[in-house]
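Asker: My structure is below; once you've seen it, I'll send some questions.
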Amino acid sequence: AYFKLKDALVASNTSDAQDQASELNAAIKAVDMAKLDHAVHAVWMQVMEPLANVSSSMAANKDLEKQRKAFVELTAPLAQLAKVAPQPTPIYLDHCPMYIGGADWLSREKAIKNPYYGSSMLSCGSVKETIGK
Numbered sequence: 003a004y005f006k007l008k009d010a011l012v013a014s015n016t017s018d019a020q021d022q023a024s025e026l027n028a029a030i031k032a033v034d035m036a037k038l039d040h041a042v043h044a045v046w047m048q049v050m051e052p053l054a055n056v057s058s059s060m061a062a063n064k065d066l067e068k069q070r071k072a073f074v075e076l077t078a079p080l081a082q083l084a085k086v087a088p089q090p091t092p093i094y095l096d097h098c099p100m101y102i103g104g105a106d107w108l109s110r111e112k113a114i115k116n117p118y119y120g121s122s123m124l125s126c127g128s129v130k131e132t133i134g135k
């Protein structure tokens with residue numbers, strides 16, 4: 003759901019971003035903590051509430067700029083989680099140096115598609131780190 007939310011922000015589609023944020027919120031609430039290994043569970047306990055709060059706020063917000071600012075808040079805890087959870091494919095931690103003094107996002111693609119500026123600066127940024135394989 004996070005990656006679909008990123009794609010909605012890349013497309014500057016506020017309605018789709020709201021829908022994807024709602025799906026992300028539902029996915030967060032549906033996590034069965036009993037199935038998480040110890041390391042993942044420990045991180046999950048730290049990030050679950052902030053992720054639920056931010057995704058809920060994004061789902062209720064129709065303002066694209068506010069959605070993008072909230073998206074910044076989703077990325078750090080999800081990156082932290084991705085680093086301890088097994089990843090079947092690489093996840094790229096990307097960085098835009100210009101948005102709010104520097105902002106990160108996660109992507110399954112190595113190609114830069116900036117969710118903070120959409121089509122106006124689509125390729126602004128670089129891969130900061132590769133997580134997983």
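For the sequence shown, counting from 1, position 59 maps to 61 in the numbering used here; every step adds exactly one.
Here a beta-carbon is modelled for each residue, glycine too, at the ideal position from N, C-alpha and C.
By the three-class DSSP mapping on this structure, what secondary structure does L80 have?
Answerer: The count along the sequence shown starts at 1 and reaches residue 80 at position 78. Helix.
Asker: Please look up how many angstroms separate the CB atoms of L38 and S57, rounded, as I've assumed it's under 8 Å.
Answerer: Your numbering for residue 38 matches position 36 in the sequence shown. Your numbering for residue 57 matches position 55 in the sequence shown. Rounded, the Cβ-Cβ distance is 19 Å, inconsistent with contact.
Asker: Skipping 5 residues on each side, what residues in its chain have a beta carbon closer than 7 Å to that of N27?
Answerer: Position 25 of the sequence shown, counting from 1, holds the residue named residue 27. Answer for N27: A54, S57, S58, A61, listed in chain order.
Asker: Whose C-alpha, out of C126, A78, S122, is nearest the C-alpha of Y4?
Answerer: As a first step, residue 4 must be located in the sequence shown, where it is residue number 2. That would be A78, whose Cα lies nearest to the Cα of Y4.
Asker: Buried or exposed: K112, going by 16 or more other Cβ atoms within 10 Å of its Cβ?
Answerer: Walking along the sequence shown from the start, residue 112 turns up at place 110. Classification for K112: exposed.
Asker: Are the CB atoms of W107 and P92 nearer to each other than 7 Å?
Answerer: Within the sequence shown, residue 107 is the residue found at index 105, counting from 1. Within the sequence shown, residue 92 is the residue found at index 90, counting from 1. Contact flag unset, no.
Asker: Considering Cα atoms alone, identify which of D65, A44, G120 is closest to A87.
Answerer: As a position in the sequence shown, residue 87 is number 85, starting the count at 1. Among D65, A44, G120, the Cα nearest to that of A87 is on A44.
Asker: Which partner residues does C98 have in the DSSP bridge list?
Answerer: Residue numbering aside, residue 98 sits at position 96 when the sequence shown is read from its first letter. A105, per the DSSP bridge assignment.
Asker: Express the C-alpha separation of A41 and A10 in angstroms, rounding to a whole number.
Answerer: Position 8 of the sequence shown, counted from the start, is the residue given in the question as residue 10. Position 39 of the sequence shown, counted from the start, is the residue given in the question as residue 41. So the two alpha carbons sit approximately 31 Å from each other.
Asker: Taking DSSP as the reference, what is the three-state secondary structure of T16?
Answerer: On the sequence shown, position 14 is the one that residue 16 refers to. Helix at T16.
Asker: Confirm, please, whether the CB-CB distance from I114 to G127 is below 7 Å.
Answerer: Mapped onto the sequence shown, residue 127 falls at position 125. Mapped onto the sequence shown, residue 114 falls at position 112. Cβ distance < 7 Å, so G127 and I114 count as in contact.
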